[in-house]
Amino acid sequence: MPEENLSDPLDKKWLRVADICNGCRRCFHLCPSFDTLFGLLDRPEVDGDPFRLEPDALARTEDGCNYCKLCYNHCPYCPPHAYQLDFPDLMIRSRVRRKKMSGFSRSDRLLARTDWTGKMGTRFAGTVNAAIRNPLLRHVGRLVAGIDERAPILPFAHETFLERLGKKHRSPKRAPEGSPTKVALFVTCLGNYQMPDIPESVLRILEHHSIPVVVPGALCCGMPYLDAGDLEGFRLQAARVRDLYLPLVREGYQIVVPVPTCQLTLRKEFLQYGKEEGVPEDFQELSEHSWDFFQFLEKLRAEGRFRTDFKSSPGPLSYHVACHLRDQNIGTPVREILGQIPGTTIRSVEQCSGHGGTWGMKPPHYPLARKKAEKTASVLQENGPATWASDCPLAGKALEAASGNPVEHPAVLLRKAYGL
């Protein structure tokens, strides 16, 4: 692939990145994308020269990327280094280009529209959940929706989180004027339609700290569109989130998010992919005022406002640190907060579950995803008898399927410790 024949700047960037990665190889063990890249470079006919790679080498490398983003922080050449190497961005740009050429499959469209599938799933929760457990119907689902019949799927709640709030007549109202700290809860699509105990726990814990909370609605952050390479769909969803939350931010509310992927999207991905050129000020405002839930609690602790009136302890915990939490470089606030509970010991595992959003649900990728989940689950198991926890519900489900061990969200554990 001689450089003079390259018309797309993405291909030129790819060859530059492949050359840098070939000379470094620090990420050789991280994911299938690097296995593919180095395998292609190590063939005798290529001999480490990226300019000898076939035109489809980028697409073949990108197909193994589940966008865990672990390579970004692992890379010595990522910004602010002069090389400005951003491997995950290259993979996303490649996926976007490939999907523009091939079009989106039925599976891409279905898995990206989580708000729609969530509404349908909860409306017919009994039927849908029975279908999830039925091997024959799962096989039909593979043919129709492109979801591997062995892939773990979170069951749908019979009531959404918003419906639960309405029934109890406890929907939080706007904070009084002059409130020093007030929160707009980002419910997440998983929290609204499949795991309402998570946003319910976040809400009750914040109320326990006398913090006014408003729930403006429940929207997907848009990451599934980015997973599918649908950049236009992602931008439309980003605009919906902006229009719902930005007025609250400008009223002084902080956005609190209980799922690391959604927090990463609000904090970083909107800035990088929300618009084609530059960093829009409105997305910058969202980014600066969004918090991972436990990061927010750590802020309260630093201010002397964190409550320690615990009623019980979860005991020993084996904690899986979500990949998209690690990408944000905010430490492990779950360890700091749950570590305040007397009688609680925490051992962390920083390995990918392999699920990768929608990536690990598709038949070509599921075997690799399951292999990673089993490896990470075995490390969690080595921690001895303990409650398993993960702040990523999808990772938790993958680890649970690989091991048979239930995985709790840390917010649920904290709520139980408070006795709320």
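Sequential numbering from -14 applies to the sequence shown in the working numbering. Idealized CB from N, CA, C, for every residue including glycine.
Quick check on DSSP: helix, strand or coil for residue i?
i: Arg332; result: strand
i: Ile322; result: helix
i: His154; result: Unreliable placement is indicated for His154, whose pLDDT of 47 sits below 50; the coordinate value is still reported in the next sentence. Of the three classes helix, strand and coil, the one that applies to His154 here is coil, per DSSP.
i: Ser406; result: The question about residue 406 has no answer here: the residues shown for the chain are numbered -14 through 405.
i: Leu75; result: helix
i: Leu70; result: coil
i: Thr21; result: helix
i: Met86; result: helix
i: Arg11; result: coil
i: Ser448; result: Since the first residue shown for the chain is -14 and the last is 405, residue 448 is missing from the structure and cannot be characterised.
i: Leu398; result: helix
i: Val81; result: helix
i: Glu254; result: helix
i: Arg159; result: coil
i: Ala142; result: coil
i: Met180; result: coil
i: Gln313; result: coil
Given a cut-off of 7 Å, decide if residue j and residue i are closer than it, judged by their beta-carbon atoms.
i: Leu233; j: Ala160; result: no
i: Gly106; j: Phe146; result: no
i: Ala374; j: Glu393; result: yes
i: Asp376; j: Pro395; result: yes
i: Leu302; j: Ala371; result: yes
i: Ser388; j: Ala354; result: no
i: Lys54; j: Pro73; result: yes
i: Thr99; j: Cys205; result: yes
i: Val319; j: Val364; result: no
i: Gly131; j: Lys347; result: yes
Which residues does DSSP list as the beta-bridge partners of residue i?
i: Trp373; result: Ser303 and Val392
i: Leu170; result: Val241
i: Ser275; result: Ile240
Rounded to whole angstroms, how far is the Cβ of residue i from the Cβ of residue j, which I believe are closer than 8 Å?
i: Ala97; j: Ala213; result: 5 Å
i: Lys296; j: Tyr210; result: Not really, about 42 Å apart at Cβ, beyond 8 Å.
i: Leu271; j: Arg332; result: Incorrect: roughly 34 Å between the Cβ atoms, too far for contact.
i: Ala116; j: Tyr351; result: About 18 Å separates the two Cβ atoms, so there is no contact after all.
i: Tyr57; j: Asp41; result: Going by Cβ atoms, the distance from Tyr57 to Asp41 rounds to 24 Å, so no, they are not a contact pair.
i: Asp277; j: Pro245; result: 6 Å
i: Pro243; j: Val187; result: 5 Å
i: Ile190; j: Arg400; result: 6 Å
Decide if the segment 251 to 261 is in contact with the segment 181 to 200; the criterion is three or more beta carbon pairs, one per stretch, under 8 Å apart. no
With contact counted as at least three CB pairs below 8 Å, one residue from each stretch, are the segment 327 to 345 and the segment 301 to 310 in contact? yes
Pair every Cβ in the segment 135 to 143 with every Cβ in the segment 176 to 192, then say whether three or more of these pairs are closer than 8 Å. yes
Can you find at least 3 beta carbon pairs, one from the segment 25 to 38 and one from the segment -6 to 11, that sit closer than 8 Å? yes
Pairing CB atoms from the segment 7 to 15 with CB atoms from the segment 42 to 51, are three or more of them under 8 Å? no
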